[in-house]
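Here's the structure we're looking at; comments come further down.
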Amino acid sequence: MNDTSYEIKKTLLYIAIAFTFSVIMRLIWVYYFNDYAPFHYNGAFMINTNDGYYWAEGARDLLSGTTTNPDAKEYFDKFHQLHDSSPVTSASAQLTALFVKILPFSFENIIFYMPLFLSSLVVVPIILIARLLKNLEMGLIAALLASIAWSYYNRTMAGYYDTDMLNIVLPMFLLWSVIWAIKTNKDIYLLITAIDILVYRWWYPQSYSVDFSFLGLILAYALLFDRKNLFNYKLLTIMLFAMMNGAIFLRLGLVGVAYIFFRNKKYDKYLFYILAVAVGLFLFSGGLSPIWDRLRLYIFHSSVSSTQKGLGLHFFRVIQTIREAGHIPFTTFADRISGHIVVFIISFFGYLYLLYKERIMLFSLPLLGLGFLAYFGGLRFTIYAVPVLAFGIAYLITEIARIMPTKKLKYLSMTAFTLAILFPNYKHIESYKVPTVFNADEVEVLSLLGKKAHREDYVIAWWDYGYPIRYYTDVKTLVDGGRHNGDVNFPVSYILTHNQQAAAKMARLDVEYAEKSFALKDAKKAGELDKNLTIFSNIEQMTKDYGFKDTNNFLATLQTDIKLPKKTRDVYIYLPFRMLNIYPTIRLFSNLDLMSGKRGSQPFFYVSRDLRDLGDRIDLGRNIFLDKRTSELHLGSKKIPIRRFVTTKYSADMQLQKSVKLLDYSSDISIIYMADYNTMLVLDEQSYNSLYVQLFVLQNYDKKLFEPVILSPGAKVYKLKI
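If you read the sequence shown in the numbering used here, its first letter stands for residue 342, the second for the next number, and so on.
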């Protein structure tokens, strides 16, 4: 057996080992919850990421339809109504639909297991890069670690059906092709690099920042170290064609033409003209805009945004409430990248040593930079640094092994060190028992609702639940995981956190104004309206239509008998028990003066599930106690009288029973003990009178405004009657 054949077989063996290891580690969660019925529906596991239902909706609609042309009438008539936001043109939906058609597994099983297998492909480029560096053992160790490191595992585990399942695999393949292109100067890697960029952009349009970072680094390398090598400029040119904005087939055509030219040396004299054309097309197509947009979203953000035209309304920005977009502690940052702070530090210095010894690995800096952006821009970025730093510690392990006196000690040392760095990540996997997005009972509620509601009806719920609601009910929503700007969140927050009278009117207004806004946008797009016409947010348009210049004055009229728009469809309110946990966050979006941006007073809303009876008092946690003798609430040293004490409990036939004791009407604080949930709520009067508390917790609905549709302990659905 010659050396090349042996190396290929060894490479394939290492890839198989690392891939199998990655898959098995992801099956631990599956094994643990295999017999847990609440995580199963329709004979399969449900997914565990909200965003996954967005892609699942698109795949489901593609499989249900007769055409993939979103402009075709039969497209909407068959399975996809106008303005329902189904991502039928997304890569995730298209790839999923393809797998469902060619594989003998159910739709539910495919979307659950896709992340497990696709994300494990990250081991392939890692080992191929190591092969170029003539250190396959380093590749194997790095692949084992990268495939299960905290943040990468968290975002690619079984059931985490999202674009992350290929969001590191594809840039690692890009790194591999760039390294091989620079190292070998072979024309084939021009094409491979361009195709990888095209596929990556198809799969994840936000990949622009990664591609641009590679482009900038290659440009710097060419100008500083290899200026006379024409191959570098060919690589830059073909990358620019692949990166420009435009239809994928146009970019693919330009890449193909450029590749044909570059293979023929007689056209080298035209290279810089072609490069100039590529630069021009790149800039003309808006090449730099996506970079600024991403930086503005994750780095230069503020808590309140304001409109620049019209009334200049101020809205609370959702970015301030998303954990993955906020600053994180250094220990969390290190753990998510390498599994342990010690492993992270060693990996970092190992990476610096690797850069010193193998300068070609400098091209991995864009991924490291994006990963380190997590320390400032939020934990979601840590996954980019995972495979890069895995190379660092893997390189140190193989370097230590080289100095071992015997072959046996060499492999023993590599094995021992590898197990040591894998162990904290394995322990994380073992303890990371995240639930599915919804449990089976909640999904059953949505399935029943889907049978009652029409496809043009709306379900109002917080944006966290938008995607799964649309997936299981096939109706419309006002907000979801992709549409949750402050201007659309305000009305929904207002509905959920204000009294029934105002909430009901806002619900009808917001739905009808949403449809009116869609019609205006369609007319504007079709040229039927002035292209410079400003379409204001629903709440601003309501304010103007009702003759006000101050939104606060308009909102005050919702407590009165105002004339509402003509009803064009039914509206349902979805209220899950799990919303208790985020009620204070939801209230933030409507608890501010839209005219000035000034926030309202902080509401008192406390949820306790760790109740301890201490005899004469009940410990609610966080140094909060309920005195049984005096019916007072103790917040540290402060004593607060209680307005009312309410107990709720379901009877044998699942009818909600309530007991209300009025104690001190001068107090603003009430307590609700939800006996069946072992949950106690401590809340102010506005929260007590909110639509959510009245309709879900107490089932005190105004019969003139709402009609109960489904009353389940896990989630309740009401139909708007006005």
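Using N, Cα and C, we set each Cβ at its ideal position, and we do this for glycine too. Note that the structure is a prediction, hence the values are computed from the model and not measured.
Under a Cβ-count criterion, where at least 16 other Cβ atoms within 10 Å of its own Cβ denotes burial, should residue i be classed as buried or exposed?
i, result
"ASN410", "With a pLDDT of only 47 at ASN410, under 50, the local geometry of the prediction cannot be trusted, and the value read off the model is given with reservation. ASN410 comes out exposed."
"ARG984", "buried"
"ARG658", "buried"
"ILE741", "exposed"
"ASP957", "exposed"
"ASN879", "buried"
"VAL778", "buried"
"ARG928", "buried"
"THR390", "buried"
"ASN873", "exposed"
"LEU916", "buried"
"ASN495", "buried"
"PRO707", "buried"
"MET995", "exposed"
"THR943", "Contrary to the premise, residue 943 reads as Gln rather than Thr in this sequence. Answer is exposed; the Cβ neighbour count stays below 16."
"ASP547", "Reading off the sequence shown, one finds Gln at residue 547, where the question assumed Asp. Exposed, since its Cβ has fewer than 16 Cβ neighbours within 10 Å."
Grab me the residues of residue i's own chain with a C-beta within less than 6 Å of its C-beta, minus the 5 sequence neighbours each way, in chain order.
i, result
"PHE685", "ALA675, ILE678, SER679"
"TYR552", "In the sequence on display, residue 552 carries Asp and not Tyr. So the list reads ILE538, MET584, once near-sequence residues are dropped."
"SER460", "THR497, MET506"
"SER834", "ILE927, PHE930, SER931"
"TYR530", "SER518, TRP521, ALA522"
"ASP798", "VAL816, ARG910, ASP911"
"ASN1041", "GLN1035"
Going by beta carbon distance, what residues of the same chain come within less than 7 Å of residue i, once the five residues before and after it are set aside?
i, result
"ALA413", "No answer about ALA413 holds up, because its pLDDT of 42 lies below 50 and its placement is not dependable."
"TRP544", "ALA432, THR504, LEU507, LEU511"
"THR297", "Residue 297 lies beyond the stretch modelled for the chain, which goes from 342 to 1063, so this question has no answer here."
"SER754", "ILE741, ALA742, MET745"
"ALA599", "THR578, ILE579, PHE582, ILE615"
"TYR1006", "ARG984"
"ASN1019", "ARG950, LEU952"
"LEU696", "MET702, LEU703"
Could you please give the first and the last residue of the uninterrupted alpha helix (DSSP H) stretch that includes residue i?
i, result
"PHE448", "448 to 460"
"ARG592", "589 to 604"
"ALA535", "529 to 544"
"MET366", "344 to 374"
"ASP863", "841 to 866"
"ALA897", "892 to 897"
"TYR614", "612 to 625"
"ALA483", "477 to 489"
"GLN998", "Unbroken run through GLN998 is the beta strand (DSSP E), 997 to 1003; no alpha helix (DSSP H)."
"ILE470", "464 to 473"
"TYR562", "549 to 566"
Under 8 Å: does the beta carbon of residue i sit that close to some heavy atom of the ligand GTP?
i, result
"SER1008", "Judged by which ligands are present, the structure shown has none, so any question about the ligand GTP falls away."
Taking 9 Å as the cut-off, decide whether the C-beta atoms of residue i and residue j are in contact.
i, j, result
"LYS355", "LEU462", "Here residue 355 turns out to be Tyr, not Lys, going by the sequence shown. No, Cβ-Cβ distance for TYR355 and LEU462 is not below 9 Å."
"ILE1051", "VAL729", "no"
"GLN842", "ASP1043", "yes"
"LEU652", "LYS890", "yes"
"GLU449", "TYR808", "no"
"THR818", "ALA802", "yes"
"ALA715", "ILE669", "yes"
"LEU1024", "ASN840", "no"
"PHE722", "PHE713", "yes"
"ILE923", "TYR947", "no"
"MET936", "LEU654", "yes"
"ALA359", "LEU481", "yes"
Going along the chain, which residues of its own chain have a beta-carbon closer than 8 Å to the beta-carbon of residue i, five neighbours each way excluded?
i, result
"ASP1017", "THR989, LYS990, TYR991, PRO1054"
"VAL987", "LYS999, SER1000, VAL1001, LYS1002, SER1011, ILE1012, ILE1013, TYR1014, LEU1039"
"LYS908", "ARG849, GLU853, ILE1063"
"PHE1047", "GLN841, ALA845, ILE914, LEU1036, TYR1059, LYS1060, LEU1061, LYS1062"
"TYR887", "PHE895, THR898, ILE903"
"TYR501", "ILE388, ASN389, THR390, GLY393, PRO456, ASN495"
"LYS442", "LEU404"
How would you write the range of the beta strand (DSSP E) that residue i sits in, first residue to last?
i, result
"TYR1047", "Just to set this straight, residue 1047 is Phe in the shown sequence, not Tyr. Taken as a continuous stretch (DSSP letters only), the beta strand (DSSP E) holding PHE1047 covers 1047 to 1052."
"PHE986", "985 to 991"
"HIS655", "655 to 657"
"MET1021", "1020 to 1025"
"ASP960", "958 to 962"
"PHE713", "Note, PHE713: premise wrong, no beta strand (DSSP E); alpha helix (DSSP H) at 706 to 713."
"PRO917", "912 to 917"
ask   = Would you call the region 447 to 458 and the region 491 to 508 in contact, with 3 or more CB pairs under 8 Å?
value = The region 447 to 458 is in contact with the region 491 to 508.
The region 476 to 493 in contact with the region 372 to 387 per 3-pair CB rule at 8 Å = A contact is defined here as three or more CB-CB pairs under 8 Å, and the region 476 to 493 fails this definition with respect to the region 372 to 387.
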